[in-house]
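First residue of the sequence shown: 1, per the UniProt record's numbering; consecutive thereafter.
Since the structure comes first, as structure tokens, the remarks are kept for the end.
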Amino acid sequence: MTNLQPAAPATASTATGAPASTTADATTSYTELELLRGPAGTPGTELSLLDGGATLRRSILPGGVRVITEQVPGLRSASIGMWFGVGSRDEVPGQEGSTHFLEHLLFKGTAKRDARAIAEAFDLIGGESNAATSKEHTSYYARVQGHDAMTALDVVTDMVTSSLLSPQEVETERGVIISELASAADDPADVAQEAFAKAAFGEDAPLGRPIGGTPEVIAAVARDAVWEHYKRTYASDTLVVAAAGAVNHDEVCERVMADLAEAGWDTSASAAPRPRRFETTAVEPLDVHDVTVRRETEQAHVYLTCQGIAVRDERRWAMSVLTTILGGGMSSRLFQEVRERRGLAYSTYAFDVSYAGAGAFGMYAGCAPRDVEEVCAVMEGEFERLATHGVTEHELARARGQLTGSMVLGGEDSLARMGRLGRGEVVTGRLRSMDESVRLLRSVTAAEVQEVATWLAGQARARVLVGPGS
């Protein structure tokens, strides 16, 4: 493979190692791309490259809209997604949950289509549509047959650009979301996940807030506040259109520009995409703290957490191998010791979450309340043993195989491919070919895994417990 690395132009991201613009013939393979920002036509913002048999193309259009597609020969499905780099982390006090609220409302009608017409548009072509809100981004997507891709794109674009947020629909959906939050509050596992975020990132910190907000805030937030959030964060220069499968890049670009012009969105030639979050967010240490939520449940939910790594940290690959060896499957250390040998828990695993400027590492187990202390001691012991003595070559090979297999198999689906494109463009500003990602995972060494484990072991640790009192 060829990795093109001329200097980045002054009008684009200052990241080094950026590829030059390539021809539309898609004769160049790639390993890793820094996805430059800049006005339409800026050198390096038009790409046409190969990833195996698939053709990846990327354009920055007037208005600062980014379009990235992957045409995959042989696939009959197409997945279309519209991504915005806004999540619960971006909400102002008193409006927590408004991003998730808005996600619901964009399905409820535009000037051209009411909620039923939006639903029927996908039912008529046998497609599926959905949306997802995270702490740092929101996406609206559809998966359809390839020949219906432009229909899906038209409907999703209409939703995100021209929703009415009618007062009646706001009130109806307000009740739906409050019911959704009540359901989550009745589920101890959901409560534990929210408590984990508070313990790791801080109860009042943007990353520690629940994505859905609280019933009190949702009941009180005004329609005009959600509307203002919509108009402030959804714009041409924040929009990323990702598509994969049986798609044509030029058709996607043409349809997007036509739909945005019809909606009255900015399509000025000089506009450039807004900076990505990681470009403006410094990495800061976390102040983790214990969180206990008393619930009269049959099972206790326990997390142990400490500071992890941020989203652009190059230790990402070693961290993935570490969490897999420690608690990433039935052959992992936690599963074997906590469940198989001691019978203390049905579910136990290790994981990490990463964001711009912050990350958290964690271990989890669901156990009988009487076993909480023993389970915590076992999890701590397994982790410390790994940090002190490292991992075996057999464990390393197994984890690398598990991760690469999962990655490759997941890439067989157009929706997964679209998600990879969207996250690369919005979250990391970097896209790696499948072959390069596999190579990086396979190149992780035992020493690198132990180095990350030793670093984690030196971080302050906190406990999250959801269960009955003693």
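Built from N, CA and C at the ideal position, the CB exists for glycine as well.
Note that the coordinates shown come from a computational prediction; the quantities given were computed from them, not determined experimentally.
For the pair residue 52 and residue 193, the Cα-to-Cα distance works out to about 38 Å. Within a 10 Å sphere around the beta-carbon of residue 179 sit fewer than 16 other beta-carbons, which makes this residue exposed. The alpha-carbon of residue 79 is positioned some 5 Å away from that of residue 243.
Exclusion of the five residues before and after residue 165 leaves 105, 227 as the residues of its chain whose Cβ lies within less than 6 Å of its Cβ. In the displayed model, residue 88 falls within a helix according to three-state DSSP. Here residue 303 carries a strand assignment [DSSP, helix/strand/coil].
Runs of the beta strand (DSSP E) spanning 3 or more residues and lying entirely within the stretch 180 to 223 do not occur at all. Under the DSSP assignment, residue 419 falls in the alpha helix (DSSP H) whose first and last residues are 414 to 423. Beta-bridge annotation (DSSP): residue 353 is paired with 360. In this structure, 426 is the residue among 438, 454, 426, 461 with its C-alpha nearest to the C-alpha of residue 67. For residue 325, the enclosing alpha helix (DSSP H) stretches over residues 316 to 327.
Scanning 210, 153, 222, 141 for the CA closest to the CA of residue 173 turns up 222. The three-state secondary structure of residue 114, taken from DSSP, is strand.
Residue 402 counts as buried, since at least 16 other C-beta atoms from the protein chains shown sit within 10 angstroms of its C-beta. Secondary structure note for residue 148: it is in no alpha helix (DSSP H), with a DSSP letter that is neither H nor E. With a 10 Å radius around the Cβ and a threshold of 16 neighbouring Cβ atoms, residue 76 comes out exposed.
Taking every protein chain shown into account, the CB of residue 341 has fewer than 16 other CB atoms within 10 angstroms, so this residue is exposed.
DSSP places residue 99 within a helical segment (H, G or I) once states are collapsed to three.
Counting along the chain, the unbroken alpha helix (DSSP H) around residue 440 starts and ends at 434 to 442. When secondary structure is reduced to three states using DSSP, residue 51 falls in the strand class. Under the three-state reduction of DSSP output, residue 74 falls in the coil class, being neither helix nor strand. DSSP, reduced to helix, strand and coil, places residue 347 within a strand of the structure shown. The bridge partners DSSP lists for residue 367 are 300, 345. Under the DSSP assignment, residue 406 falls in the alpha helix (DSSP H) whose first and last residues are 393 to 410. Bounds of the beta strand (DSSP E) holding residue 462 are 461 to 467. Checking the DSSP bridge columns, you'll see residue 293 partnered with 466.
Take the alpha-carbon of residue 260 and the one of residue 216: they are about 36 Å apart.
Cβ atoms of residue 468 and residue 297 come within 8 Å of each other, at about 6 Å. Taking the Cβ atoms as the reference, residue 381 lies roughly 23 Å from residue 309, outside the contact range of under 8 Å. The C-beta separation of residue 70 from residue 421 comes to about 6 Å, placing the pair in contact by the 8 Å criterion.
Distances from the alpha-carbon of residue 367 to those of 334, 299, 303, 317 put 299 closest. Residue range 372 to 389 is occupied by the alpha helix (DSSP H) that includes residue 381. According to the DSSP assignment, residue 262 belongs to the alpha helix (DSSP H) that extends over 249 to 263. Close CB contacts of residue 184 within its chain, under the 6 Å cut and outside five residues either way in sequence, are with 190 (chain order). By a beta-carbon distance limit of 8 Å, residue 276 contacts residue 85. Their separation comes to about 7 Å. According to the DSSP assignment, residue 33 belongs to the beta strand (DSSP E) that extends over 32 to 34.
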